[in-house]
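Note sheet for the following structure.
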Amino acid sequence: MFEEQAQPISASGVKACIVVSSYHSEITNELAKAARDCFIEAGGKKEDCHLLPAPGAWELPLIAQEAARSLDVDVIVVLGCILTGETTHDKVIADAIAKGLMDVSLNESKPVAMGILTCQTLKQAQARSGGDKGNKGEEAMYAALASHETNHSMRSS
34 MFEEQAQPIS ASGVKACIVV SSYHSEITNE LAKAARDCFI EAGGKKEDCH LLPAPGAWEL
94 PLIAQEAARS LDVDVIVVLG CILTGETTHD KVIADAIAKG LMDVSLNESK PVAMGILTCQ
154 TLKQAQARSG GDKGNKGEEA MYAALASHET NHSMRSS
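With this note's numbering as the guide, the letters of the sequence shown map in order to residues 34 to 190.
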């Protein structure tokens, strides 16, 4: 039987990197703020949480990969916002980003949490960046920290 984790997730001693798309900055800035707040509330130090900008969502996997290789970080949280347009461009971009981020995580053996909103409207994105649907930036940081804890516990046993 699956048991829920009894202890809260800890960021104590963890080094994190938040890679955030500048496109739709009114949304992505809220995601980044919530991710950083989550990290600090979980016991992480502000100076151990790097913030790297990306010009858009397409560039996120490359910057996440370079962060994983060049920076002394344990977890990477990637944040962006893709809105549906008149074509299927959003689906092509989102699928490519998801694959790229999974490749980074597997190749670098580090948790890479994907906090990319894929919404049909700006209102939906607002609801998921601090509105009535919560904040996916916070959820992504929590997922990265939880994955790090699981991996760390397996490596130390």
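Using N, Cα and C, we set each Cβ at its ideal position, and we do this for glycine too.
Find the nearest neighbour of residue i within the set the options, judged by alpha-carbon distance.
| i | options | result |
| --- | --- | --- |
| Leu112 | Leu85, Arg102, Glu99 | Leu85 |
| Glu74 | Asp105, Gln159, Ala44 | Ala44 |
| Arg161 | Glu99, Thr61, Tyr56, Leu95 | Thr61 |
| Tyr56 | Ser186, His181, Ala158, Gly164 | Ala158 |
| Asp81 | Cys71, Ala49, Ser58, Leu139 | Ala49 |
| Leu150 | Glu63, Phe72, Ile42 | Glu63 |
| Lys124 | Ala67, Trp91, Ala97 | Trp91 |
| Ala176 | Pro94, Ser186, Val110 | Val110 |
| Gly167 | Thr183, Ser186, Ala67, Val47 | Ala67 |
| Ile42 | Phe72, Ser138, Glu59 | Phe72 |
In whole angstroms, what separates the C-alpha of residue i from that of residue j?
| i | j | result |
| --- | --- | --- |
| Arg69 | Glu119 | 34 Å |
| Gln5 | Ala127 | Since the displayed the chain opens at 34 and closes at 190, residue 5 lies outside it and no answer follows. |
| Val108 | Thr121 | 31 Å |
| Gly148 | Cys114 | 9 Å |
| Leu155 | Leu116 | 7 Å |
| Ser103 | Gly76 | 24 Å |
| Gly89 | Val145 | 18 Å |
| Gln98 | His83 | 14 Å |
| Ser142 | Gly164 | 33 Å |
| Ser186 | Lys79 | 24 Å |
| Ser189 | Ile96 | 29 Å |
| Val106 | Ser58 | 24 Å |
| Leu139 | Ala65 | 23 Å |
| Gly46 | Leu178 | 11 Å |
Check the C-beta distance from residue i over to residue j and give it rounded, since I have them as a contact under 8 Å.
| i | j | result |
| --- | --- | --- |
| Ala87 | Val53 | 7 Å |
| Ile130 | Pro94 | 6 Å |
Counting Cβ pairs closer than 8 Å, one from the stretch 118 to 137 and one from the stretch 162 to 174, do we hit at least three? no
Could you pull out every unbroken beta strand (DSSP E) segment of at least 3 residues lying fully inside the stretch 113 to 187, listed in chain order? 145 to 152, 162 to 164
Suppose only complete runs of 3+ residues qualify. What are the beta strand (DSSP E) ranges in the stretch 43 to 68, listed by chain order? 49 to 54
Note down, one range per segment and in chain order, each alpha helix (DSSP H) of at least 4 residues found wholly within the stretch 66 to 110. 93 to 103
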